[in-house]
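> In the working numbering, the protein residues as written are -3 to 495.
Glycine included, each C-beta is placed from N, C-alpha and C at the ideal position.
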Ligand code: NDP
């Protein structure tokens, strides 16, 4: 019998998952063994698919698109499948949460909250499936009528990261399905389980075979095969800016497939002296520690008005010290384990670099001994200069860099001093200041006197090098469609060639 942790029995042997093509489970490939980042025991075995498996999966998705078994259904029928999937996820909430914890290391309470968001994504997309429509033009003259049809783009390749394996999946899949597209998914190899579980839930909900296919394996082989595949019409990629760039090259070198990219961030949280400092400090602590800072919208740059900077940093450091880091199965845990050994090393290297470059640690900076896993204390650096690596590069860990400003213009200029533009948060009781910042800082998602709020109704995506396109909301469905303009002559054509 394996060890129990907070009432959860760790798997005695790792669970083996196959891969899913054309409505069938397949196996027989080399297996990858995944250890729990928090408990150090093997938890899953997933298949290392081959490029031939990718070809099979794309062929299945192609056929399922071309024969219109999905795109040809009324939006209401697609909505029915999405709503039944939402219910299926609800029924299996605890099981999905458990696999997210075992493979990713995130706290169980957080995993449950994310799954609730995923259910909402399916419900929202179901509404969009019914309402998706084109446009018409009756102002082209009495003899010409115009229509704009919204058509699904075709076969979508979807590559997802390890930081929110189920959440990012569910912020894409229902919206892709609502549009009428079919897809082939490749999850990050270290966190494949819940993407595979979704295959069963979708099939039980009545999704036709071949519409949702999953191939597993590394990015370098399976991911790259998708980016280069000539029969994929659109690729949605979420992950590092470096791989995002390689997707752009692969698209250019293959079939010019459309790209949706959600990449890195170096997101500012701007705090004015007139803000509720307790609220803002709580948000800053949450914004950098949520998901151990392994979050594209982490608020990793604190930009605080100089007159209150010292006071604010003291309140914040005190709050960060109180964050409960530990075993993610403990329902009280707020911050779990770092997901991969390489990410752990990256974060620790950045902390060392910050110290070397002269920034001052106000709290954290050390490895925590919380049992059999990788844990890093939430860390606050003060005295950070714009030239430092910790100021410019995405750390993807619980490491916050603090900057001070004297004027509104300086705050905006510091906030925009990054190649990224994913998200931003501003704290002030003065509506003029808050709105000026909101309008002048270049970021795809903005929070005023709050942080990481919102649901699947609104779109997500980045400005600048944080990405292309939008996911979720109506725009997130339209992203997977293309417009076709149709002109209908209603009055008899005036001849070009005289008879
Ligand atoms: P990657 O960009 O390498 O991984 C993201 C996804 O892309 C995974 O599914 C990965 O597969 C796949 N992938 C990797 N290489 C290729 C390739 N050549 N072609 C196609 N797909 C590929 O991120 P990392 O996991 O290496 O993390 C590195 C950094 O990226 C982090 O420190 C963070 O800064 C950033 N990041 C940002 C995320 C975001 O949400 N914006 C999410 C994750 C990372 P596999 O992992 O199986 O090899």
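Can you tell me whether DSSP reads residue 230 as helix, strand or coil?
Residue numbering aside, residue 230 sits at position 234 when the chain shown is read from its first letter. In the structure shown, residue 230 sits in a strand (DSSP, three-state: E or B).
> Relative to the C-alpha of residue 292, which residue among 276, 259 and 322 is closest?
Against the chain shown, residue 292 aligns to sequence position 296. For the residues 276, 259 and 322, the minimum Cα distance to residue 292 belongs to 259.
> Considering Cα atoms alone, identify which of 41, 494, 288 and 25 is closest to residue 364.
Taking the chain shown and counting its residues from 1, the one referred to as residue 364 is at position 368. The shortest Cα separation from residue 364 among 41, 494, 288 and 25 belongs to 288.
> Using beta-carbon positions only, say whether residue 93 and residue 111 come within less than 7 Å of one another.
Here residue 93 refers to the residue found at position 97 when the chain shown is read from its first residue. Here residue 111 refers to the residue found at position 115 when the chain shown is read from its first residue. Yes. Within cutoff.
> Look at the alpha carbon of residue 245 and the alpha carbon of residue 19, and state the distance between them as a whole number of angstroms.
In the chain shown, residue 245 corresponds to position 249, counting from 1. In the chain shown, residue 19 corresponds to position 23, counting from 1. Taking the straight line from one Cα to the other gives about 32 Å.
> Tell me the DSSP secondary structure of residue 14 in three-state form.
One-based indexing of the chain shown puts residue 14 at position 18. Correct three-state label for residue 14: coil.
> Please name the residue, chosen from 349, 95, 249 and 307, that lies closest to residue 270 on a Cα-to-Cα basis.
Taking the first residue of the chain shown as 1, we reach residue 270 at position 274. Measuring from the Cα of residue 270, the nearest candidate turns out to be 307.
> Examine the Cβ distances between the stretch 81 to 88 and the stretch 125 to 136 and report whether three or more of them are shorter than 8 Å.
No contact exists between the stretch 81 to 88 and the stretch 125 to 136.
> For the ligand NDP, any of its heavy atoms closer than 6 Å to the Cβ of residue 308?
Stepping through the chain shown from its first residue, residue 308 is reached at position 312. Outside the cutoff, so no.
> Start and end of the alpha helix (DSSP H) containing residue 297?
Within the chain shown, the letter at position 301 stands for residue 297. That residue, residue 297, is in no alpha helix (DSSP H); its beta strand (DSSP E) goes 295 to 301.
> Any chance the stretch 360 to 375 sits against the stretch 387 to 400, with 3 or more Cβ pairs inside 8 Å?
Counting Cβ pairs under 8 Å, three or more are found: they touch.
> Specify, as a first and last residue, the run of the beta strand (DSSP E) that residue 372 falls within.
Here residue 372 corresponds to residue number 376 of the chain shown, with the count starting at 1. Careful: residue 372 lies outside any beta strand (DSSP E) and carries neither H nor E.
> Measure the C-alpha to C-alpha separation of residue 388 and residue 461 and round it to an integer number of angstroms.
Position 392 of the chain shown, counted from the start, is the residue given in the question as residue 388. Position 465 of the chain shown, counted from the start, is the residue given in the question as residue 461. If I take the Cα positions, the gap works out to 13 Å.
> Output needed for residue 29: all residues of its chain with C-beta closer than 7 Å, excluding positions within five of it in sequence on either side, in chain order.
In the chain shown, residue 29 corresponds to position 33, counting from 1. The answer, listed in chain order, is 10, 38 and 41.
> Please classify residue 95 as buried or exposed, where buried requires at least 16 other C-beta atoms within 10 Å of its C-beta.
For the purposes of this step, residue 95 is taken as the residue at position 99 of the chain shown. Classification for residue 95: buried.
> State the DSSP-derived secondary structure class of residue 551, mapped to helix, strand or coil.
In the structure as shown, the chain starts at -3 and stops at 495, and residue 551 therefore has no counterpart that could be examined.
> One question on the structure: do residue 250 and residue 274 come within less than 7 Å of each other, judged by their Cβ atoms?
Locating residue 250 in the chain shown gives position 254, where the first residue counts as 1. Locating residue 274 in the chain shown gives position 278, where the first residue counts as 1. Not closer than 7 Å, so no.
> Residue 405 and residue 382 - do their beta-carbons sit closer together than 7 Å?
Counting from one through the chain shown, the residue named residue 382 turns up at place 386. Counting from one through the chain shown, the residue named residue 405 turns up at place 409. Contact flag unset, no.
> Using the Cα positions of residue 78 and residue 152, report the straight-line distance between them to the nearest angstrom.
Translated into the one-based positions of the chain shown, residue 78 becomes position 82. Translated into the one-based positions of the chain shown, residue 152 becomes position 156. C-alpha separation (whole angstroms): 18 Å.
> Go ahead and label residue 348 buried or exposed: buried means 16 or more other beta carbons lie within 10 angstroms of its beta carbon, across all protein chains shown.
The count along the chain shown starts at 1 and reaches residue 348 at position 352. Exposed, by the Cβ-count rule.
> Indicate whether residue 125 and residue 171 have their beta-carbon atoms separated by less than 7 Å.
To locate residue 125, count along the chain shown from 1; it is residue 129. To locate residue 171, count along the chain shown from 1; it is residue 175. No; because the gap between Cβ atoms is not below 7 Å, this pair is not in contact.
> Would you list the residues sitting across from residue 209 in a DSSP beta bridge?
Numbered from 1 along the chain shown, position 213 holds the residue referred to as residue 209. Bridge partners of residue 209: 180.
> Can you give me the Cβ contacts of residue 139 inside the same chain, cut-off strictly under 7 Å, excluding the 5 residues immediately before and after it?
The residue labelled residue 139 in the question sits at position 143 within the chain shown. Same-chain partners within the cutoff: 485, 486 and 487.
> Flag this pair as touching only if the stretch 295 to 313 and the stretch 334 to 345 have three or more C-beta atom pairs under 8 Å; answer yes or no.
The stretch 295 to 313 is not in contact with the stretch 334 to 345.
> Since residue 181 and residue 156 should fall inside the 8 Å C-beta cutoff, what is the C-beta to C-beta distance between them, to a whole number of angstroms?
Numbered from its first residue, the chain shown carries residue 181 at position 185. Numbered from its first residue, the chain shown carries residue 156 at position 160. Indeed, because the Cβ distance is near 7 Å, the residues count as touching under 8 Å.
> Which same chain residues, not among the five before or five after residue 353, have their C-beta less than 6 Å away from its C-beta?
In the chain shown, the residue the question calls residue 353 occupies position 357. The answer, listed in chain order, is 384.
> Take residue 148 and list the residues in its own chain whose beta-carbon comes closer than 7 Å to its own, dropping the five residues that flank it on each side.
Residue mapping note: residue 148 aligns to position 152 of the chain shown, counting from 1. Only 67, 175, 176, 177, 476 and 477 meet the Cβ criterion.
> Determine the DSSP secondary structure at residue 315, reduced to helix, strand or coil.
In the chain shown, residue 315 corresponds to position 319, counting from 1. Here residue 315 sits in helix by DSSP.
> Could you check how far apart the C-beta atoms of residue 422 and residue 430 are, in whole angstroms? I think they sit under 8 Å.
Counting from one through the chain shown, the residue named residue 422 turns up at place 426. Counting from one through the chain shown, the residue named residue 430 turns up at place 434. Contact holds; Cβ gap of about 5 Å.
> Starting from residue 30, follow its DSSP beta bridges and name the residues at the other end.
As a working note, residue 30 is residue 34 in the chain shown. Bridge partners of residue 30: 40.
> To the nearest angstrom, how far is it from the Cα of residue 472 to the Cα of residue 454?
As a working mapping, residue 472 is identified with position 476 in the chain shown. As a working mapping, residue 454 is identified with position 458 in the chain shown. Distance between the alpha carbons of residue 472 and residue 454: 9 Å.
> When you compare each of 230, 128 and 100 to residue 191 by their alpha carbons, which one comes out closest?
For the purposes of this step, residue 191 is taken as the residue at position 195 of the chain shown. Of the listed residues, the one whose Cα sits closest to residue 191 is 100.
> Mind checking which residues open and close the beta strand (DSSP E) that includes residue 155?
Looking up residue 155 in the chain shown gives position 159. Segment 151 to 155, the beta strand (DSSP E) holding residue 155.
> If we count the other Cβ atoms within 10 Å of its Cβ and call it buried at 16 or more, is residue 48 buried or exposed?
Here residue 48 corresponds to residue number 52 of the chain shown, with the count starting at 1. Flag for residue 48 reads exposed.
> Return the first residue and the last residue of the alpha helix (DSSP H) that residue 410 is part of.
In the chain shown, counting from the first residue as 1, residue 410 sits at position 414. Residue 410 -> alpha helix (DSSP H) spans 404 to 412.
> Any heavy atom of the ligand NDP closer than 6 Å to the Cβ of residue 392?
Position 396 of the chain shown, counting from 1, holds the residue named residue 392. Yes, the beta carbon of residue 392 sits closer than 6 Å to at least one heavy atom of the ligand NDP.
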